[in-house]
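Residue numbers (this note's numbering): 65 to 349.
Laid out in structure tokens, this is it:
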């Protein structure tokens, strides 16, 4: 009983913060400030820290499969929330389709970014020994006619026009998590019934959001790359704005899944209260 009470109090508090108008309107600005000024943290962090190594557990376990983790937790939360309210499989699938659309957009952009890097890049062979080394940095000798895959397999360096896919992914996942979990606060305020599994899934989503923010700060501080990270963050924010602030606002149809919470935020309350809550939620979006 005590643990259940603590779970209810904690989830109510976090849901109120996540659904707050100020947080939802300005979260993307917070991410933008982090991406713009985060590399300045490299002046204070220690390069001997465990987070300064790409082989760290968090990078290997979460960053390389960030979209998978996001889909697992957000998809489970969205499905359980929508299905527990309406008991409609088609409605749940419609809400889940937002993840499919975002995943397709992320995959397409990654392929385009790889194509851009392959098209604009060149292969270089580093000279590690001898008088060619200047200021502790090896000279790079251009190797003509090499593809990126062949270049990297030979242990050489590929230099091209890059956009940070890691920053792009983390920004998109953070904004997606904020959008999809923000509906839980208005839902609870309308008297929606939620069991322990739904509340635990919600907390896992929030913890995942903070993990992505932490990893984003680590990348910016320990592996600063300007302007590739800035471009990656901008691409993530533009993708979110195009989906959640643009396309999804057209309403549900055969070609549009609609906004988060649409058709769900009218539980056991009067129709006027439900309509006001939905209007406030749409205004925040």
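Glycine is no exception: its CB is placed at the ideal position from the N, C-alpha and C atoms.
Just so we're clear, the structure is a prediction, and the values are computed from it rather than from any experiment.
Those residues which DSSP pairs with residue i across a bridge
i	result
residue 204	190
residue 221	188
residue 317	320
Pair within 8 Å by beta-carbon distance, residue i and residue j
i	j	result
residue 301	residue 115	no
residue 167	residue 131	yes
residue 298	residue 88	no
residue 262	residue 148	yes
residue 236	residue 311	no
residue 126	residue 275	yes
residue 214	residue 82	no
residue 228	residue 296	yes
residue 181	residue 225	yes
residue 426	residue 232	Outside the displayed range of the chain (65 to 349) lies residue 426, so it cannot be described from this structure.
residue 133	residue 307	no
residue 146	residue 329	no
residue 209	residue 79	no
residue 92	residue 304	yes
Supposed contact pair residue j and residue i - C-beta distance, whole angstroms, cut 8 Å
i	j	result
residue 293	residue 99	6 Å
residue 279	residue 76	Incorrect: roughly 28 Å between the Cβ atoms, too far for contact.
residue 207	residue 187	4 Å
residue 324	residue 244	5 Å
residue 260	residue 71	6 Å
Cβ contact check for the region 132-141 and the region 316-326: 3 or more pairs under 8 Å: no
The region 240-259 contacting the region 96-108, beta-carbon criterion three pairs below 8 Å: no
contact_flag[the region 109-127, the region 158-166] where n(CB pairs < 8 Å) is 3 or more: no
The region 266-284 touching the region 210-221, judged by at least three CB pairs closer than 8 Å: no
Length at least 4, wholly inside the region 89-172: the alpha helix (DSSP H) runs in chain order: 121-125, 130-150
In chain order, each alpha helix (DSSP H) run of at least 4 residues that lies wholly inside the region 222-299: 229-245, 248-253, 260-286
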